[in-house]
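**Student:** Below is one structure. I have some questions about it.
Residue numbers (this note's numbering), protein chains in the order written: chain S, 1 to 569; chain A, 1001 to 1241.
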């Protein structure tokens, strides 16, 4: 081993991320983000950038640009969470973390939303994600060229690699050396794993399937003023410890320190088109929102970045109607809302003689990306990853119900909770234009805005992928000598809906995240992804936003016939 | 008390043609309360740990135990039908019961919905009302009784068909049966397994902030986590030398 390797190992966990002091700006004695010194902009003042949504994309974009001197306002529909006061170690009590206002789901294979995959409030869905932070593989960026399915991205892995490395230091991510995709190491060492994960890993080993610990955005050792994880297991209910990474603790404290304003409880209704210039590319001049008192306000801005995720971002564009864009902003080619994706996320649980108590430790423990890419012998394109999940009692009850049990049988499986352990797959389901977000004009929310409707159907390739992943998990538990198994079909994550591309006929934004039809409108969340791989999307959403920020700040965003971004300074 | 060996799976429905072992073979709960006092972990009362929980969690959990919310959303008739339904699907055949229907009622009354609705389904609140009338009409297909007063085997038959999405008739022709089952059961399970009595029954350690968990390995438990009723037989298992 080289000296460089030894030095890196020595420095593990002690590396301070460059240009992000968030972990050190948090208070030692309370979990809430200090906001006493936060800037407050008057809505009539034209800020450089208004960002809609304070999640993975919006949070990173705000921090990066605030550091470069931009005046940034971030609007979020939900609250500015205080983990001490707002979050509980309780499943049912965490209802407020999700988007619980009405949405309609349809199509042949409807996707249930709510607590499964929706976020609300400052920090976004990362407030209640499990914590897995894998990178995408290099193969994800040219799926169509390689496999003849899906879509190629207008950028490549090389465009994101440095962003991934930087973010892994900032979150920070802990895990084993990672052998898949572009092999890499993690700044924090792997967490200890619980008994159930030991059984699953041994079952996988007997089948020649390699599983590694991590990668999770959970501190392993103190990190600035964020303490070590205490393995309480309520990652999906919001981390009261501040050990798990979300933009709330990883990027927004630094954004605030550098002059960004996070304006919570503000539901953006529409984006205001600048009616002044009728010739040339259209421009936007701000956003209309309902403030916490229900008053309608216009925040003026030189540029707008939408980061409301795969449902609210298309909804906002489709609800922004003007004479020039009668079918929704940036929707001249009828692409907004199309190709929204979810990952197939079946879970298989195995029963063991010993008590495993899967409610302890963070649910994300070990994972395998051995099945990530296409293997023609499997009979379908692309693949899946295998991870661990630790359902709490209500989640476990849904598992048992899905296996067809109710009444006394359900109670008996529930009483057996402590003997079970659960694996979950993430299957890459392919984009399809008819899988789509639209707005239901006959169904309005409390502000009078049309709600979103999501239609979804699986393809034949998708079904084969999910079936193969389930069989693989059953094989692992069989090899681990599980005494009984239960399985559930479900979905996880959301991406796509406003995808980036190189052809305006088939995408909403270009590789600089700028709407094809508008000069100063950007999209910076998971909705921009043309394909989704079988990796959890959080880290890649952050990496894309980080890259965009670098290009905006470096004045690299330009286009033929477009005016440069004017900055009000 | 029989010396049941929980290292074996023979009490589980998949190993017994779908029928679970009778919970009456378990000892009675000795510490705290479980629904119907089944004592798989007879000495484990998660509420003993309340002083170790953070204040906001303690308030949320204890309110759930202390308050039996009144029925405000459902009509008296609906409440009778749905009360019997909730007892059946959760096998709550005697006191003490987790007041599932009251908890569901409170959530619907407050309009706390889950954030999505199937396109072919009404609002969850309306779905619950239609399920009540659908259960009654399905029971009447087998005789003169409403669901609540029908003989036990009819009730069981109706619920079983409901669980398989196979109810047909007046209400069900316009209300997709399988989706309706998913809507009501999601709510029932969320309430039942949010209750500390249910946590006692399944041996769940409960909230663990700020204390956390330290013993993560197979077969390990924290000093305060309950041990199962019969996982060792003092006669068969002698202390190791």
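Cβ atoms here follow ideal geometry from the backbone N, Cα and C, with glycine treated the same way.
Is residue 1 of chain S helix, strand or coil when you go by DSSP?
**Tutor:** As a working note, residue 1 of chain S is residue 1 in the first chain. Low local confidence applies: a pLDDT of 49 at residue 1 of chain S is under 50, so the model's placement there is unreliable, and no value is given.
**Student:** On the three-pair Cβ rule with 8 angstroms, is the segment 434 to 444 of chain S touching the segment 473 to 484 of chain S?
**Tutor:** The segment 434 to 444 of chain S is not in contact with the segment 473 to 484 of chain S.
**Student:** Starting from the Cα of residue 87 of chain S, find the closest Cα among A/1186, A/1061, A/1040, A/1074 and give me that residue.
**Tutor:** Locating residue 87 of chain S in the first chain gives position 87, counting from the first residue. When only C-alpha atoms are compared, the closest one is A/1061.
**Student:** State the DSSP-derived secondary structure class of residue 1177 of chain A, mapped to helix, strand or coil.
**Tutor:** The sequence position of residue 1177 of chain A within the second chain is 177, counting from 1. DSSP places residue 1177 of chain A in helix when its eight states are reduced to three.
**Student:** State the Cα-Cα distance for the pair residue 244 of chain S and residue 236 of chain S, rounded to the nearest angstrom.
**Tutor:** Along the first chain, read from residue 1 onward, the residue named residue 244 of chain S stands at position 244. Along the first chain, read from residue 1 onward, the residue named residue 236 of chain S stands at position 236. Roughly 10 angstroms between the two C-alpha positions.
**Student:** For residue 530 of chain S, which option in S/431, S/409, S/520, S/488 has the closest C-alpha, if you only look at C-alpha atoms?
**Tutor:** Your numbering for residue 530 of chain S matches position 530 in the first chain. Out of S/431, S/409, S/520, S/488, S/431 has the C-alpha closest to the C-alpha of residue 530 of chain S.
**Student:** For residue 1213 of chain A and residue 56 of chain S, I'd like the C-alpha separation in whole angstroms.
**Tutor:** Residue numbering aside, residue 1213 of chain A sits at position 213 when the second chain is read from its first letter. Residue numbering aside, residue 56 of chain S sits at position 56 when the first chain is read from its first letter. When rounded, the distance between both Cα atoms is 29 angstroms.
**Student:** Since residue 1138 of chain A meets chain S, which of its residues come closer than 9 angstroms, beta carbon to beta carbon?
**Tutor:** Taking the second chain and counting its residues from 1, one reaches residue 1138 of chain A at position 138. Those within 9 angstroms of residue 1138 of chain A in chain S number zero; the least Cβ separation is about 16 angstroms.
**Student:** Are there three or more Cβ pairs, one per stretch, closer than 8 angstroms when the segment 89 to 98 of chain S is compared with the segment 118 to 125 of chain S?
**Tutor:** Result yes; three or more Cβ-Cβ pairs closer than 8 angstroms.
**Student:** Should residue 1033 of chain A be flagged as near chain S, meaning a C-beta pair shorter than 9 angstroms?
**Tutor:** The residue labelled residue 1033 of chain A in the question sits at position 33 within the second chain. No, residue 1033 of chain A does not count as interfacial toward chain S.
**Student:** Helix, strand or coil: how does DSSP classify residue 1159 of chain A here?
**Tutor:** Here the question's residue 1159 of chain A lines up with position 159 in the second chain. Note: residue 1159 of chain A maps to helix in three-state DSSP.
**Student:** Would you kindly check if the distance between the Cβ of residue 59 of chain S and the Cβ of residue 250 of chain S is under 9 angstroms?
**Tutor:** The residue labelled residue 250 of chain S in the question sits at position 250 within the first chain. The residue labelled residue 59 of chain S in the question sits at position 59 within the first chain. Taking 9 angstroms as the Cβ cut-off, residue 250 of chain S and residue 59 of chain S qualify as a contacting pair.
**Student:** What would DSSP say about residue 1222 of chain A, mapped onto helix, strand or coil?
**Tutor:** The residue given as residue 1222 of chain A occupies position 222 in the second chain. Here residue 1222 of chain A sits in coil by DSSP.
**Student:** Any idea if residue 174 of chain S is buried or exposed, counting beta-carbon neighbours within 10 angstroms, 16 or more meaning buried?
**Tutor:** For this step, residue 174 of chain S is matched to residue 174 along the first chain. Per the 10 Å Cβ criterion, buried.
**Student:** If we define contact as Cβ-Cβ less than 9 angstroms, is residue 417 of chain S a contact residue for chain A?
**Tutor:** In the first chain, counting from the first residue as 1, residue 417 of chain S sits at position 417. Yes - at least one Cβ of chain A is within 9 angstroms of the one on residue 417 of chain S.
**Student:** Can you tell me the Cα-Cα spacing of residue 362 of chain S and residue 355 of chain S, whole angstroms?
**Tutor:** The residue you call residue 362 of chain S lines up with position 362 of the first chain. The residue you call residue 355 of chain S lines up with position 355 of the first chain. Rounded to the nearest angstrom, the two C-alpha atoms are 17 angstroms apart.
**Student:** When we look at the beta-carbon of residue 45 of chain S and count the other beta-carbons within 10 Å, is it buried (16 or more) or exposed?
**Tutor:** The residue you call residue 45 of chain S lines up with position 45 of the first chain. By the 10 Å Cβ count, residue 45 of chain S comes out exposed.
**Student:** Which same chain residues end up closer than 6 angstroms to residue 1207 of chain A when comparing Cβ atoms and leaving out the 5 residues on each side of it in sequence?
**Tutor:** Residue numbering aside, residue 1207 of chain A sits at position 207 when the second chain is read from its first letter. The residues are 1053, 1057.
**Student:** Go through its chain and collect everything with a Cβ distance to residue 473 of chain S's Cβ below 7 angstroms, but skip five positions before and after it.
**Tutor:** Position 473 of the first chain, counting from 1, holds the residue named residue 473 of chain S. Once the five neighbours on either side are set aside, the close Cβ partners of residue 473 of chain S are 348, 386, 423, 425.
**Student:** Name, going along the chain, the residues of the segment 111 to 122 of chain S whose beta-carbon falls closer than 8 angstroms to a beta-carbon of chain A.
**Tutor:** Going along the segment 111 to 122 of chain S in chain order, one finds 112, 113, 114, 115, 118 with a Cβ nearer than 8 angstroms to chain A.
**Student:** Opposite residue 301 of chain S in the DSSP bridges: which residues?
**Tutor:** Within the first chain, numbered from 1, the residue matching residue 301 of chain S stands at position 301. DSSP output for residue 301 of chain S lists S/47 as bridge partner(s).
**Student:** What number of angstroms, rounded off, separates the C-alpha of residue 1118 of chain A from the C-alpha of residue 102 of chain S?
**Tutor:** By one-based count along the second chain, residue 1118 of chain A stands at place 118. By one-based count along the first chain, residue 102 of chain S stands at place 102. Each residue's alpha carbon lies about 10 angstroms from the other.
**Student:** Would you mind telling me which residues of chain A sit closer than 7 angstroms to residue 99 of chain S, beta carbon to beta carbon, in chain order?
**Tutor:** Position 99 of the first chain, counted from the first residue, corresponds to residue 99 of chain S. Near residue 99 of chain S (Cβ distances below 7 angstroms), the residues of chain A are 1115.
**Student:** Tell me the rounded alpha-carbon separation between residue 564 of chain S and residue 302 of chain S.
**Tutor:** For the purposes of this step, residue 564 of chain S is taken as the residue at position 564 of the first chain. For the purposes of this step, residue 302 of chain S is taken as the residue at position 302 of the first chain. Only weak support is given to the placement of residue 564 of chain S: the predicted model assigns it a pLDDT of 41, under 50, and the question is left unresolved by the model.
**Student:** In chain order, which beta strand (DSSP E) runs of at least 3 residues are fully inside the segment 406 to 466 of chain S?
**Tutor:** If we require 3 residues or more, the beta strand (DSSP E) runs fully inside the segment 406 to 466 of chain S come out as 420 to 427, 436 to 444, 450 to 455.
**Student:** At a Cβ threshold of 9 angstroms, is residue 570 of chain S touching chain A?
**Tutor:** Shown here, chain S extends from 1 to 569; a query on residue 570 of chain S therefore has no answer.
**Student:** Within this structure, are the beta carbons of residue 260 of chain S and residue 39 of chain S separated by less than 9 angstroms?
**Tutor:** As a position in the first chain, residue 260 of chain S is number 260, starting the count at 1. As a position in the first chain, residue 39 of chain S is number 39, starting the count at 1. Yes; because the gap between Cβ atoms is below 9 angstroms, this pair is in contact.
**Student:** Is it the case that the segment 1168 to 1180 of chain A contacts the segment 1094 to 1101 of chain A, given that we only count it when at least three CB pairs across the two stretches are under 8 angstroms?
**Tutor:** Taking 8 angstroms as the limit for Cβ pairs, the verdict is that the segment 1168 to 1180 of chain A does not touch the segment 1094 to 1101 of chain A.
**Student:** Using 9 angstroms as the limit for Cβ to Cβ distance, is residue 1054 of chain A near chain S?
**Tutor:** By 1-based counting over the second chain, the position of residue 1054 of chain A is 54. Yes, because at least one Cβ of chain S sits closer than 9 angstroms to the Cβ of residue 1054 of chain A.
**Student:** Leaving aside the five residues before and after residue 1234 of chain A along the sequence, list all residues of the same chain whose C-beta is less than 6 angstroms from its C-beta, in chain order.
**Tutor:** The count along the second chain starts at 1 and reaches residue 1234 of chain A at position 234. Note that residue 1234 of chain A scores a pLDDT of 47, beneath 50, so its modelled location is shaky; the value from the coordinates is reported in the next line. Cβ within range, chain order: n/a, list empty.
**Student:** Applying a beta-carbon distance threshold of less than 7 angstroms, which residues of chain S neighbour residue 1089 of chain A?
**Tutor:** Locating residue 1089 of chain A in the second chain gives position 89, where the first residue counts as 1. Those are 406, 407, listed as they occur along chain S.
**Student:** First and last residue of the beta strand (DSSP E) that includes residue 262 of chain S?
**Tutor:** Looking up residue 262 of chain S in the first chain gives position 262. Its beta strand (DSSP E) spans residues 261 to 263.
**Student:** Which residues bound the alpha helix (DSSP H) around residue 491 of chain S?
**Tutor:** Sequence index remark: in the first chain, residue 491 of chain S carries index 491 (1-based). Note, residue 491 of chain S: premise wrong, no alpha helix (DSSP H); beta strand (DSSP E) at 491 to 495.
**Student:** Can you find a C-beta in chain S that's less than 9 angstroms from the C-beta of residue 1199 of chain A?
**Tutor:** Residue numbering aside, residue 1199 of chain A sits at position 199 when the second chain is read from its first letter. Yes, contact with chain S.
**Student:** Does the segment 149 to 163 of chain S come into contact with the segment 64 to 84 of chain S, if we say contact requires no fewer than three beta-carbon pairs (one atom in each stretch) closer than 8 angstroms?
**Tutor:** Too few Cβ pairs lie closer than 8 angstroms, so no.
**Student:** When the Cα atoms are used, what is the spatial distance from residue 1010 of chain A to residue 1028 of chain A?
**Tutor:** In the second chain, residue 1010 of chain A corresponds to position 10, counting from 1. In the second chain, residue 1028 of chain A corresponds to position 28, counting from 1. Cα to Cα, residue 1010 of chain A sits roughly 20 angstroms from residue 1028 of chain A.
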